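Colleague: All you need for this note's numbering is the position in the sequence shown, starting with 1, plus 1003. Positions of the beta carbon are idealized from the N, C-alpha and C atoms, including for glycine. Keep in mind it's a predicted model, so treat the numbers as computed, not measured.
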Amino acid sequence: MRESGGAQRRNQGTVGREKGSGERHRGSGQGRLYIVSLGPGSEDHLTPAARRALDESHLVVGYRTYVDLIKPILGNQEVVATGMRQELERVRVALDRALAGETVSLVSSGDAGIYGMAGLVLEICRAKGISLSPEPDGFQITFVPGVPAFAAAGSLLGAPLMHDFAAISLSDLLTPWEVIEKRVRCAAEADFVINLYNPKSKRRDWQIGRVREILLESRDGSTPVGIVSRATREGEKVAITDLENMLSFSIDMQTVIIVGNSRTFTHGSFMVTPRGYLDKYEV
């Protein structure tokens, strides 16, 4: 197992609201809402566009753990940080303040459009009849992309995602488990490389074992499996094992598991899923 301790340090958590001594310009019209993707967590992987959005905002809203990651680069912005399962409240605060004429950043880890906050914002806008206007004086939402967790994990493992892949969350909080099982089985039978998000928590400790059973129905136990926790952050852990032994490693909610396809192999300390070049061309 490879372990890295070079990720950015994190400050203590933020509870409720914080108010800085300064204040950002509120602008005109109905304000602006940025949906800011933070990437995997380190400052090095935060895009310039995300930094600009945060700099322009005088209010930053987000899950407490993710806000902690960016506190070192925030200035005098007001911060509203909340805990798990308070996504609706975060969106409500962000929308209310942006509609009141302020510039607001609602932050999300990885890419906000992949298991993040982007979809929920648009769903709530539709449910509440909030009009989104491209006009300069209308209410505008800007989505700022970021490095998704599976891409960060893949880069640490080598090249496991060079061919077709699927991403499946094992959290059954919002999706019935029967649906998740079906998706895993179909992706396995279709020989996709599979990215598993939210594989295990304190309350959900059996699902990853069941998923392994399903995968073994159509894949050999020697299939390479990459296990990455806290990619690019403090406490980063990277391991390459196989489907037979994957449960021997530490797995939690901050882990992304990449299960190779029938052609994935390991070379040294890396996983490789061939694209097919050497089947067609000589080297």
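#1: Measure the C-alpha to C-alpha separation of D1047 and S1158 and round it to an integer number of angstroms.
#2: Kindly identify the DSSP beta-bridge partner or partners of A1097.
#3: Let me know the secondary structure DSSP gives A1242 once reduced to three states.
#4: By how many angstroms is the C-alpha of S1045 removed from the C-alpha of A1053?
#5: Between the region 1158 to 1177 and the region 1189 to 1197, do at least 3 Cβ pairs fall closer than 8 Å?
#6: Where does G1279 land, buried or exposed, given buried means 16+ other C-beta within 10 angstroms?
#7: Which of the three DSSP states is assigned to P1043 in this structure?
#8: Can you give me the C-alpha to C-alpha distance between V1286 and H1270, rounded to a whole angstrom?
#9: Given V1110, which residues of its chain have a CB within under 6 Å of its CB, disregarding the five upstream and five downstream residues?
#10: Between T1244 and I1254, which are expected to be in contact by the criterion C-beta below 8 Å, what is the C-beta distance as a whole number of angstroms?
#11: Would you mind listing the beta strand (DSSP E) stretches within the region 1051 to 1137 that are 3+ residues and don't spill past its ends, in chain order?
#12: Evaluate the contact criterion for the region 1068 to 1088 versus the region 1117 to 1130: three or more CB pairs, one atom per stretch, below 8 Å.
#13: Run through DSSP, which three-state label would G1034 get?
#14: Residues in its own chain within less than 6 Å of G1025 by CB, not counting five upstream and five downstream?
#15: Does the contact criterion of 3 or more C-beta pairs under 8 Å hold for the region 1202 to 1222 versus the region 1173 to 1180?
#16: Contact check, A1097 vs R1035 under 8 Å by CB: the rounded distance?
#17: Measuring CA to CA, which of R1206, G1212, I1217 and Q1210 is closest to C1189?
#18: Rounded to a whole number of angstroms, what is the C-alpha to C-alpha distance between V1275 and Q1257?
#19: Less than 6 Å between C-beta atoms, sequence neighbours within five positions excluded: which residues of the same chain meet that for M1249?
#20: Consult DSSP for F1153 and reduce its assignment to one of helix, strand or coil.
#21: Following the continuous alpha helix (DSSP H) through Y1200, name the residue where it begins and the one where it ends.
#22: Identify the continuous alpha helix (DSSP H) that holds A1190 and give its terminal residues.
#23: Does DSSP classify R1233 as helix, strand or coil?
#24: Identify whether G1271 lies in helix, strand or coil by the three-state DSSP scheme.
#25: Between the C-alpha atoms of V1018 and G1086, what's the straight-line distance to the nearest angstrom?
#26: Grab me the residues of F1146's own chain with a C-beta within less than 6 Å of its C-beta, minus the 5 sequence neighbours each way, in chain order.
#27: When the Cα atoms are used, what is the spatial distance from D960 to E1105?
#28: Am I right that V1107 and S1060 are in contact with their C-beta atoms under 8 Å? What's the rounded C-beta distance?
#29: For S1172, name the three-state secondary structure that DSSP assigns.
Modeller: With the given structure in hand:
#1: 14 Å
#2: According to DSSP, which records beta bridges pairwise, A1097 is partnered with nothing at all.
#3: strand
#4: 13 Å
#5: yes
#6: exposed
#7: coil
#8: 18 Å
#9: V1039, L1041, G1065 and Y1069
#10: So it is not a contact: roughly 11 Å between Cβ atoms.
#11: 1062 to 1066, 1081 to 1085 and 1106 to 1111
#12: no
#13: coil
#14: Here G1025 scores only 38 on pLDDT, less than 50, and its place in the model is too uncertain to base an answer on.
#15: yes
#16: Actually they do not touch by this definition, with Cβ atoms about 11 Å apart.
#17: I1217
#18: 23 Å
#19: V1228
#20: helix
#21: It is not in any alpha helix (DSSP H) - Y1200 instead sits in the beta strand (DSSP E) that spans V1196 to Y1200.
#22: W1180 to E1192
#23: coil
#24: coil
#25: Low per-residue confidence applies at V1018: pLDDT is 32, beneath 50, and the placement is therefore not dependable enough to give any value.
#26: I1038 and A1121
#27: Look at the range of the chain in this structure, 1004 to 1286, and you will see that residue 960 is not part of it.
#28: 6 Å
#29: strand
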